[in-house]
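Visitor: Okay, so the sequence shown: first residue is 173 according to this note's numbering, each after it adds one.
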Amino acid sequence: MSEHAIRIETASEADAAIVAAFIRKMLLYTESLGGYAGNRSESGWAELAARVAEEIRSNPKHAYLLAKDGEGSAIGLGAAQIHEAHLALEPCKTLHVSTLFVDESQRKGGIGRRILEELITFGKSRGVDEIDLGVEANNPAVKLYLDAGFRIQRYRMVLGLKGN
Ligand SMILES: CC(C)(COP(=O)(O)OP(=O)(O)OC[C@H]1O[C@@H](n2cnc3c(N)ncnc32)[C@H](O)[C@@H]1OP(=O)(O)O)[C@@H](O)C(=O)NCCC(=O)NCCS
């Protein structure tokens, strides 16, 4: 499918289940790279879908953008939330990108890049100072972010305590 037949749309409440399904698929993949383990409980995912619907309905700080093909089927997701800096810090509004996912069969056609650009546009339109995200160092998506102008700023230091 041509990249141009793809539309990037704000998700509606009716899309909440597919949004949750995409988040789940992204976590399955990033967990395989050493990232956070996705929730194993079905009820947890049902609860997340309900929360997403609520955020779409009433929280303008959240962006849920779906890529849809010519038939209107969702094939990718970008999700982000605006955070204000802690009071101890100089005021700073950050858009945190929490999900970027494209169906495996549709990858490497520019859709992920387009979703990311739309998230950046969302951030600019809301007057955010910066956009951030976390990504496993071994995820090929790192190149996508570097190409888009993101820079590596800090390490996340982790001391695992389970099983020690
Ligand atoms: C990351 C992701 C959304 C990119 O979507 P996409 O539609 O394939 O992205 P695009 O076609 O717009 O851009 C591809 C760019 O992403 C990078 N990239 C991402 N995943 C890649 C992969 N598996 N292999 C090679 N390049 C990859 C490359 O830099 C590539 O640019 P290039 O073609 O100029 O080399 C998609 O690979 C995906 O869903 N991955 C699984 C979930 C994930 O890891 N999400 C990011 C979590 S931080």
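Each residue gets a CB set at the ideal place from its N, CA and C atoms; glycine is no exception.
Does the beta-carbon of Tyr201, which I'm using as the reference point, lie nearer than 7 angstroms to any heavy atom of ligand 1?
Guide: As a first step, residue 201 is located in the sequence shown; it is residue number 29 there, counting from the start. Indeed, a heavy atom of ligand 1 lies less than 7 angstroms from the Cβ.
Visitor: Counting Cβ pairs, one atom from each stretch, are 3 or more of them under 8 angstroms apart for the segment 258-265 and the segment 239-248?
Guide: Verdict: no, contact absent.
Visitor: To the nearest angstrom, how far is the alpha carbon of Ser230 from that of Asp187?
Guide: Indexing the sequence shown from 1 puts residue 230 at position 58. Indexing the sequence shown from 1 puts residue 187 at position 15. Approximately 15 angstroms between the Cα atoms of the pair.
Visitor: When you compare only the Cα positions, how much space is there between Lys315 and Glu226?
Guide: Looking up residue 315 in the sequence shown gives position 143. Looking up residue 226 in the sequence shown gives position 54. Going by the C-alpha atoms only, they are around 33 angstroms apart.
Visitor: Counting C-beta neighbours from all protein chains within 10 Å, is the total for Met198 16 or more, i.e. buried, or is it exposed?
Guide: Along the sequence shown, read from residue 1 onward, the residue named residue 198 stands at position 26. Buried is the call here.
Visitor: Given Val224, which residues of its chain have a CB within under 7 angstroms of its CB, disregarding the five upstream and five downstream residues?
Guide: Stepping through the sequence shown from its first residue, residue 224 is reached at position 52. Only Ala188, Val191, Ala192, Tyr236 meet the Cβ criterion.
Visitor: From the DSSP secondary-structure annotation, give me the bridge partner or partners of Val274.
Guide: For the purposes of this step, residue 274 is taken as residue 102 along the sequence shown, with counting starting at 1. Partner(s): Gly248.
Visitor: Who pairs with Thr182 in a beta bridge, going by DSSP?
Guide: Translated into the one-based positions of the sequence shown, residue 182 becomes position 10. In the DSSP output, where bridge partners are listed per residue, Thr182 has Leu237.
Visitor: Using only the heavy atoms of ligand 1, determine whether one of them is closer than 7 angstroms to the beta carbon of Phe273.
Guide: Taking the sequence shown and counting its residues from 1, the one referred to as residue 273 is at position 101. Yes, ligand 1 has a heavy atom inside 7 angstroms of this Cβ.
Visitor: Would Ile228 and Glu181 be called neighbours here (beta carbons separated by less than 8 angstroms)?
Guide: Reading the sequence shown from its first residue, position 56 is the one you call residue 228. Reading the sequence shown from its first residue, position 9 is the one you call residue 181. Not in contact: Ile228 and Glu181 (Cβ atoms no closer than 8 angstroms).
Visitor: Just to check, is the beta-carbon of Lys315 closer than 7 angstroms to a non-hydrogen atom of ligand 1?
Guide: Taking the first residue of the sequence shown as position 1, residue 315 is located at position 143. Correct: Lys315 has its Cβ closer than 7 angstroms to ligand 1.
Visitor: Would you report the Cα separation of Lys265 and Val300, rounded to the nearest angstrom?
Guide: Position 93 of the sequence shown, counting from 1, holds the residue named residue 265. Position 128 of the sequence shown, counting from 1, holds the residue named residue 300. So the two alpha carbons sit approximately 5 angstroms from each other.
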